[in-house]
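Remarks on the structure that follows.
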Amino acid sequence: MRWALVKVCLAVTTMVVVAFAVPLGLVIKEMARDRAFSNAEREAAAVAPALSITTDRDQLERVVASAGSDSGMAVHIPAGGGQRAVDIGRQRAAADDIATVRELGRASTTEVPGGSTLLQPVALSSGAIAVVEVYVPESEVSNGVATAWAVLAGVGIALVVGSVAVADRLGIRMVQPAQKLVEGAHELGEGKLGARVPEEGPTELRLAAVAFNSMADQVVQLLANERELAADLSHRLRTPLTVLRLNAASLGDGPAAEQTRAAVAQLEREVDTIIRTAREAKPQTAAAGPGAGCDAAEVVRERMGFWSALAEDEGRKWRVAGTERPVRIPVARADLAAALDALLGNVFRHTPEGTAFAVDVHNGEDAVIVLVSDAGPGIRDPEAAMARGRGSGSAGSTGLGLDIVRRLAEATGGDVRIGSSVLGGTEVRVWIQLDGREPVRRGHRVRRRRTGRLVSTFNRPRSLP
């Protein structure tokens, strides 16, 4: 916008300067010519009275010399009345031009080498016509023209530069508010809800800034309302949780009772976490700060210990690999546990009883991959399964489980892929990036497709015993 305004102003000002400067320059040139020939006419008129009185050569030479133009003036007196022709000074005009002026009886100009001559007829007392020739050099005709043109060019350039400077200043006044509006839109798009735009500049941009700030305020208000709604809905779960806790306390002793009470306690912690997160409006996916995060191997062992009891009840074979050593990842412990519960819950919910499953943890230099495999019927449409809120269409499915896993992985720079496992069913691969570098690992090959998605060729889980 700024440069477009400058170009338009430059073009308009240049056309105006040319439209006025060129005719004015031609007028100045014509005025200089008229001035030079007016001086020549005055010089010729100074000799005319002497010619009307006498035709004596000596006297006329003195008159020409007193006029100060003896080098550029000539007098031509024809023969007649008993006297010879008299020519005083240097003749530059052609004889035919002089004869024509004498015959016509009016002044004329003619071109000669180095300039022009003015031929002025003068009537003598004898009735003959004498011709006064005044030489006008070219330098006198163009005297002052170059200076005047230079002044006009300087004025034109000054006008063009001044107009461009003014247009540039006006462009900055228009562009800066637009740039601030763009920056504010980018910041708001990046999640900086405090981004606002100064309401300044031209009327249109000022109105746009007002509309943007109003929109940002509405977005903040809507998000606040959603957080409050999430907190309120989560708080409503406390009543049935209290009933469950009381019922679990009355179950007595035994592994099933202990697992039920542990599940109720964990559910209460998750509800509390949801309420705090909604109130504080702080994302809890990525763990911030050096040394933060959790041990993925420990979390996998803990959650598999929880789900193993249910697996035994349903006659499912299961296996865990890669959890012998600590595996640090930049993810909060509660978030990783929630993601694992979502994946394992899908296995129990969407596969028949007796279906085997496995969890493998692969630790690389800059990434950790968690593979959850099963021997079930598989997923017909992986893309639809990954869509938030789509669900599987079965009862009790909200379509948010895999979305929770996806957001956890993408918060670290990784991703989630669904494929076929060697067990014959579904394999969900969760890629958790550690430092954002290009993946280079030992024992397996990693390549990056043109789409920017990472594809791993880790060794598949071994068959279950």
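With my numbering as the guide, the letters of the sequence shown map in order to residues 1 to 465. Note that CB positions come from ideal geometry on N, CA and C, so glycine has one too. Fair warning: this is a prediction, and the values are worked out from it, not measured in the lab.
Asked                                                                                                                        : Found
Boundaries (first-last residue) of the beta strand (DSSP E) holding Ala93                                                    : Counting along the chain, Ala93 falls outside any beta strand (DSSP E), and DSSP gives it neither H nor E.
Local Cβ density within 10 Å of Pro255, reported as buried at 16 or more and exposed below that                              : exposed
Other residues of its chain near Glu138: CB distance less than 7 Å, five sequence neighbours each side excluded              : Gly114 and Gly115
4-residue-minimum alpha helix (DSSP H) runs that sit fully inside the segment 110 to 151, ordered along the chain            : 138 to 141
Delimiting residues of the beta strand (DSSP E) encompassing Val405                                                          : No beta strand (DSSP E) contains Val405, which is instead part of the alpha helix (DSSP H) from Gly401 to Ala411.
Beta-carbon contacts of Arg417 that lie in its chain and below 7 Å, excluding the five residues immediately before and after : Arg429
7 Å Cβ cutoff met for Gly293 and Val331                                                                                      : yes
Selection from Ala153, Val359, Leu119 and Val6 that minimises the alpha carbon distance to Val175                            : Val6
CB contact flag (Gly25, Leu152, <7 Å)                                                                                        : yes
Own chain residues within Cβ distance below 7 Å of Gly144, not counting five before or after                                 : Ala32
Alpha-carbon to alpha-carbon, Val164 and Leu119                                                                              : 52 Å
Ala4 (DSSP reduced to helix, strand or coil)                                                                                 : helix
Pairwise C-alpha distance: Trp3 and Gly171                                                                                   : 8 Å
Residue range of the unbroken alpha helix (DSSP H) whose run includes Arg57                                                  : Arg57 to Ser66
Opening and closing residue of the alpha helix (DSSP H) in which Gly345 lies                                                 : Arg333 to His350
Cβ pair Leu267, Ala339 closer than 7 Å                                                                                       : no
For Ser308, the three-state DSSP class (helix, strand or coil)                                                               : helix
Any 3 or more C-beta pairs closer than 8 Å across the segment 201 to 213 and the segment 45 to 52                            : no
Own chain, CB closer than 7 Å to Lys29, minus 5 neighbours either side, in chain order                                       : Val145
Selected residue, minimal CA-CA separation from Phe306, among Gly345, Ile329, Asp335 and Ala321                              : Gly345
Boundaries of the alpha helix (DSSP H) in which Glu383 is found, first to last residue                                       : Pro382 to Met386
Limits of the beta strand (DSSP E) - the one that Ile369 falls within                                                        : Ala367 to Asp374
Buried or exposed by the 16-neighbour rule on C-beta atoms within 10 Å, applied to Ala358                                    : buried
From Arg261, Arg227, Glu103 and Ala40, residue whose alpha carbon lies closest to that of Val243                             : Arg261
Counted within 10 angstroms of its Cβ, other Cβ atoms place Gly443 as buried (16 or more) or exposed                         : Per-residue confidence for Gly443 stands at a pLDDT of 37, beneath the threshold of 50, marking its modelled position as unreliable; no derived number is given.
DSSP three-state assignment for Thr426, whether helix, strand or coil                                                        : strand
Endpoints, beta strand (DSSP E) assigned at Ser420                                                                           : Asp415 to Ser420
Opening and closing residue of the beta strand (DSSP E) in which Ile77 lies                                                  : Met73 to Ile77
Reduced DSSP category for Asp253 - H, G, I as helix; E, B as strand; rest coil                                               : coil
Simplified DSSP state of Ala32, which is helix, strand or coil                                                               : helix
Helix, strand or coil at Ala321 [DSSP, three-state]                                                                          : strand
Nearest candidate by alpha-carbon position, reference Asp295, set Ser108, Trp431 and Leu336                                  : Leu336
Cutoff 8 Å; reference Leu241; Cβ partners in own chain excluding five residues on either side                                : Val264, Leu267, Glu268 and Val271
Assigned exposure category for Ile329 - 16 Cβ within 10 Å defines buried                                                     : buried
Thr54, buried or exposed, once every other Cβ within 10 Å from all chains shown has been counted against 16                  : exposed
Sequence-distant residues of the same chain with beta carbon closer than 6 Å to Pro382, five excluded per side               : Ile418
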